[in-house]
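Worksheet for the structure shown next.
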Amino acid sequence: MTFDAHSTADDVLRGHDLTGTEAIVTGGASGLGAETARALATAGARVVLATRDRTRGEDAAARMREATGNPDIEFRALRLDSLASVATFTTEYLATGRPLHLLVNNAGVMGAPFTRTADGFESQFGVNHLGHFALTTGLLPALRAAGTARVVSLSSRAHRRSDIDFDDPNYERRPYDAWQAYGQSKTANGLFAVGLTARYGDDGITANAVMPGTIMTDLMRHISPADLKARGWADEHGRPRTDMPGWKTVPQGAATSVWAAVAPELHRRGGLYLDNCAIARPWTVDDDPPHGHYLPYLLDPGRAERLWNLSEKLTA
Numbered sequence: 343m344t345f346d347a348h349s350t351a352d353d354v355l356r357g358h359d360l361t362g363t364e365a366i367v368t369g370g371a372s373g374l375g376a377e378t379a380r381a382l383a384t385a386g387a388r389v390v391l392a393t394r395d396r397t398r399g400e401d402a403a404a405r406m407r408e409a410t411g412n413p414d415i416e417f418r419a420l421r422l423d424s425l426a427s428v429a430t431f432t433t434e435y436l437a438t439g440r441p442l443h444l445l446v447n448n449a450g451v452m453g454a455p456f457t458r459t460a461d462g463f464e465s466q467f468g469v470n471h472l473g474h475f476a477l478t479t480g481l482l483p484a485l486r487a488a489g490t491a492r493v494v495s496l497s498s499r500a501h502r503r504s505d506i507d508f509d510d511p512n513y514e515r516r517p518y519d520a521w522q523a524y525g526q527s528k529t530a531n532g533l534f535a536v537g538l539t540a541r542y543g544d545d546g547i548t549a550n551a552v553m554p555g556t557i558m559t560d561l562m563r564h565i566s567p568a569d570l571k572a573r574g575w576a577d578e579h580g581r582p583r584t585d586m587p588g589w590k591t592v593p594q595g596a597a598t599s600v601w602a603a604v605a606p607e608l609h610r611r612g613g614l615y616l617d618n619c620a621i622a623r624p625w626t627v628d629d630d631p632p633h634g635h636y637l638p639y640l641l642d643p644g645r646a647e648r649l650w651n652l653s654e655k656l657t658a
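Written out as structure tokens, the structure is:
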């Protein structure tokens, strides 16, 4: 079946029975993560909401259990800005003995002011990429145990803002630019999908990068009201707009993540960039790819290998 920019997560999952499927969704208590988790649970999956705030996470899990009628939705604490927290999460999940069929690396920060994680990484690179890198590699035994497993890595068209600066990925010497840093982290999310598939595709573990679209969610929390107005994303009173041309609703934004998780045509296929529930194509005309396209460095195998080696070193 063909889907498009207007399709929702429920549209994509219609007819799918995910009973017996184990899934983890990072940032699963709100926004796209919550919608992705809810949709997977509605189709019968057992879902873990991996998020940092216990109160919000437990409340979200309770609401989803009631809304879906699926009792197998649980919260587990995870801080992607702390490798110690990631290690605790992976150790506790592996102790359950459950296989892991779906890992949706959804959580992230965008346009944040300069801060560092508990381990000294620039926050956007540290949370969006390195935290998810450590999480995924830590969960490899559970992913292998599933037989075939899919990892969904949320990237963005914002990858156009920056390739990886391998000499200074954590802004230790160069001036900090919040949007450049966000773009670098989204490029890393794409390269991670390439690297994971290259290493573990023969084990049945594949990963694809996803462009969810532009959606007004809590991801926008670091953008000031003045900046929102300047970008045309807020009205004259500073209230975020919900009628932006080309923007998506949250159910539409979660559709491509869900498509990456269940589409039959993606069985054992990885290292791709997905947009509007379709496989995107490279764009070589200029540095502003339209929807459905990506800049070639996003999926470059050589860069993916180099980033993997760097990430192993930083998270060791």
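All you need for our numbering is the position in the sequence shown, starting with 1, plus 342. Ideal Cβ positions, reconstructed from N, Cα and C, are used throughout, including at glycine.
Boundaries of the beta strand (DSSP E) around residue 495: 491 to 496.
Residue 405 sits in a helix when the DSSP states are folded into three classes.
DSSP lists 391 and 446 as the bridge partner or partners of residue 367. Sequence-distant Cβ neighbours of residue 637 in its own chain, meaning closer than 7 Å and more than five residues away, are 501, 502, 625, 629 and 631. Secondary structure of residue 647 (DSSP, three-state): helix.
At least 8 Å separates the beta-carbon of residue 548 from that of residue 486. Distances from the alpha-carbon of residue 415 to those of 590, 370, 617 and 639 put 370 closest.
In this structure residue 518 is exposed. Its beta-carbon is surrounded by fewer than 16 other beta-carbon atoms within 10 angstroms.
By a beta-carbon distance limit of 8 Å, residue 447 contacts residue 496. Their separation comes to about 6 Å. Between the alpha carbons of residue 522 and residue 425 lies a distance of about 24 Å. Closest option to residue 488, judged by alpha-carbon separation, among 430, 513, 508 and 364: 364. One alpha carbon belongs to residue 389, the other to residue 469, and they sit about 21 Å apart.
Counted as a single uninterrupted DSSP element, the stretch harbouring residue 627 is not any alpha helix (DSSP H), since DSSP gives it neither H nor E. Between the alpha carbons of residue 633 and residue 476 lies a gap of roughly 30 Å.
Assigned with DSSP and collapsed to three states, residue 550 falls in strand. Pairing residue 377 with residue 524, the inter-Cα distance amounts to about 23 Å.
In the DSSP assignment, the residues bridged to residue 416 are 390. Three or more pairs of CB atoms, one per stretch, sit closer than 8 Å, so the region 590 to 606 contacts the region 347 to 361.
Here DSSP, grouped into helix, strand and coil, assigns residue 501 to helix. Assigned with DSSP and collapsed to three states, residue 353 falls in helix.
Residue 509 and residue 543 have their C-alpha atoms some 29 Å from each other.
For residue 615, the uninterrupted beta strand (DSSP E) segment begins and ends at 615 to 617.
Take the alpha-carbon of residue 532 and the one of residue 479: they are about 16 Å apart. Per DSSP, the continuous alpha helix (DSSP H) segment holding residue 593 begins and ends at 592 to 595. Residues of the same chain with a CB within less than 7 Å of the CB of residue 441, apart from the 5 flanking positions on each side, are 364, 484, 487 and 488 in chain order.
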